[in-house]
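Below is one structure, written out as structure tokens, with a few remarks after it.
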Amino acid sequence: MGVRACTRTPKFTGDRMAHPPPGRKRKGGSVGPANGLTWFFAKLRFCAMLATHTTAAAVPESAAPAPDLSLSWRHIVAPVQPFLRAVESRLSAQIAAFEPELEVYARYALSSQGKQLRPALVGLSAEAAGRLHDDHVTVAVIIEMVHLATLVHDDVMDAAAMRRRRPTLAARCGAATSVLVGDCLFAHALVLAASFPTPDVCRAVASATKIVCTGETIQTERPGRLGLSREEYFRILRMKTGELFALSCELGARLAGAGAEEQRALREYGMELGTAYQIYDDCVDLFGTESQAGKSLGTDLLGGKLTLPLLVAGERARGGRHAELERLLTPWHAENLPRLRELLEESDALTECRQVIHSFCRRAGEALQGLPPSAGRRALVAATDFLARQTDTLGTGDGS
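As numbered in this note's numbering, the sequence shown has no gaps in its residue numbers, which increase by one up to the final residue, 420.
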């Protein structure tokens with residue numbers, strides 16, 4: 021069912037929306053709301069109610085069953101869709117402010133943007149913890165810009181040819197240009213973070229960026245493809261992917277006025293969900309399709325990265341199988357993929373990976389148990405269900 025009432029997107033302008041100021045008469049004689057945001061979020065809640073076929077008046081929120089938001093990502097982010105449009109618009113405006121020689125490359129990198137996972141987590145965490153406002157748009161732009169920079173650099177390191185069904189910036193413009201564009205995106209994100217009146221946001225973004233880069237470095241330099249423990253593997257995933265998910269949730273809550281306990285809970289949620297998402301992404305590289313991945317398959321193998329399916333296969337391989345795995349992987353050639361998949365199937369690696377992802381998703385949901393019921397909290401829980409369902413489609417040809 022479409023949410024037609026939300027087709028007109030209010031603009032974020034400071035701490036209130038671009039709607040009539042307090043007390044100003046609208047056409048027809050009605051008085052505008054005392055606060056633009058109050059009107060906006062009342063409308064958001066109404067739209068979310070329509071999207072989920074839930075009648076709040078009939079069933080109190082505390083007693084209502086959780087709506088089925090896991091049908092699609094679009095349903096999950098329905099409560100913050102206008103917010104995401106504002107993020108997209110402001111991110112584009114920030115790219116437009118770059119020097120013309122740089123803008124063309126940065127905008128091409130922006131075209132590889134996916135489902136806006138991290139901005140969505142900022143918005144939904146704010147909704148779960150308090151009040152969503154204009155500072156959340158800025159923070160979401162900052163985090164998405166950091167994420168885009170990591171993608172640009174990842175494609176250079178992985179020698180990836182495709183992302184979102186089009187050539188990567190590295191494939192189109194070369195590694196040198198791509199590295200510099202990524203550096204500029206990182207730097208501009210920190211400039212935006214420094215615009216906040218206190219240094220807390222800038223410090224948090226800079227710290228998270230350092231952690232992400234450290235995780236990538238550890239994974240790149242780690243010797244021995246099959247010699248990594250699960251604990252070390254999960255530590256790397258928390259650093260390279262979980263950290264930005266956690267930052268998105270934590271800053272979403274902090275800027276909404278949440279207390280320390282709510283911030284901690286949402287940060288934990290983001291860390292667990294981000295780790296689960298990276299394991300899923302690692303599995304897609306081996307068991308999925310390019311449609312599911314949105315990028316070239318086999319890039320992890322080409323880059324010599326250890327992923328959970330390989331780790332599981334290495335743990336379970338006996339005798340000559342372990343040696344064969346090593347031979348297939350070092351050096352990697354694309355024609356080795358069919359035999360590698362046979363060994364992965366023999367070890368039942370995909371089943372084990374699904375169980376691990378489900379476990380992380382379950383822990384993410386449990387982290388939210390102390391938060392009061394809200395549309396934001398329900399959507400965050402639905403996001404864990406969505407990822408678990410996507411995981412179950414791997415290897416079946418049913419994913420999208």
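Where a beta carbon is used, it is the ideal one built from N, C-alpha and C, also for glycine. Just so we're clear, the structure is a prediction, and the values are computed from it rather than from any experiment.
According to the neighbour-count rule (16 or more other Cβ atoms, all chains shown, within 10 Å of its Cβ), is residue i buried or exposed?
{"i": "Thr-237", "result": "exposed"}
{"i": "His-353", "result": "exposed"}
{"i": "Asp-174", "result": "buried"}
{"i": "Arg-409", "result": "exposed"}
{"i": "Met-281", "result": "Per the sequence presented here, residue 281 reads as Glu, with Met not at that position. Exposed, by the Cβ-count rule."}
{"i": "Gln-298", "result": "buried"}
{"i": "Gln-136", "result": "buried"}
{"i": "Lys-230", "result": "exposed"}
{"i": "Val-201", "result": "buried"}
{"i": "Pro-41", "result": "The pLDDT assigned to Pro-41 is 31, lower than 50, so where the model puts this residue is not dependable; a value taken from the coordinates is nonetheless given after this. Pro-41 should be labelled exposed."}
{"i": "Arg-192", "result": "exposed"}
{"i": "Gly-339", "result": "exposed"}
{"i": "Glu-251", "result": "exposed"}
{"i": "Ser-112", "result": "exposed"}
{"i": "Thr-170", "result": "buried"}
{"i": "Ser-215", "result": "exposed"}
{"i": "Pro-217", "result": "exposed"}
{"i": "Ala-343", "result": "exposed"}
{"i": "Gln-375", "result": "exposed"}
{"i": "Asp-220", "result": "exposed"}
How would you write the range of the alpha helix (DSSP H) that residue i sits in, first residue to last?
{"i": "Val-157", "result": "154 to 178"}
{"i": "Arg-383", "result": "369 to 386"}
{"i": "Lys-295", "result": "Looking at the sequence itself, residue 295 is Thr, so the reference to Lys does not match. That run of the alpha helix (DSSP H) goes 280 to 307."}
{"i": "Gly-272", "result": "263 to 275"}
{"i": "Arg-242", "result": "Segment: none, Arg-242 is in no alpha helix (DSSP H) and carries neither H nor E."}
{"i": "Leu-360", "result": "357 to 366"}
{"i": "Thr-319", "result": "319 to 322"}
According to DSSP, simplified to helix, strand and coil, what is residue i?
{"i": "Arg-258", "result": "helix"}
{"i": "Pro-393", "result": "coil"}
{"i": "Arg-151", "result": "coil"}
{"i": "Arg-185", "result": "coil"}
{"i": "Trp-93", "result": "helix"}
{"i": "Phe-216", "result": "coil"}
{"i": "Glu-119", "result": "coil"}
{"i": "Ala-423", "result": "Residue 423 lies beyond the range of the chain shown here (21 to 420); nothing can be said about it."}
{"i": "Leu-331", "result": "helix"}
{"i": "Val-23", "result": "Bear in mind that a pLDDT of 29 at Val-23, under 50, signals an unreliable position, so the model cannot answer this."}
{"i": "Leu-414", "result": "coil"}
{"i": "Gln-101", "result": "helix"}
{"i": "Gly-202", "result": "helix"}
{"i": "Gln-133", "result": "coil"}
{"i": "Pro-139", "result": "helix"}
{"i": "Asn-55", "result": "Annotation note: pLDDT 42 at Asn-55 (below 50); position unreliable, no value reported."}
{"i": "His-208", "result": "helix"}
{"i": "Leu-144", "result": "helix"}
Cβ pair count under 8 Å reaching 3, the region 344 to 362 against the region 370 to 389: no
Inter-stretch contact (C-beta, 8 Å, three-pair minimum) for the region 134 to 150 and the region 274 to 294: yes
Touching by the beta-carbon criterion (3+ pairs, under 8 Å), the region 396 to 414 and the region 94 to 103: yes
Validate contact between the region 98 to 117 and the region 242 to 259 using beta carbons, cut 8 Å, 3 pairs: no
Three or more C-beta pairs below 8 Å linking the region 214 to 232 and the region 252 to 268: yes
Validate contact between the region 217 to 227 and the region 156 to 175 using beta carbons, cut 8 Å, 3 pairs: Result yes; three or more Cβ-Cβ pairs closer than 8 Å.
The region 282 to 290 contacting the region 367 to 377, beta-carbon criterion three pairs below 8 Å: Taking one beta carbon from each stretch, the region 282 to 290 and the region 367 to 377 have fewer than 3 pairs nearer than 8 Å; the two do not touch.
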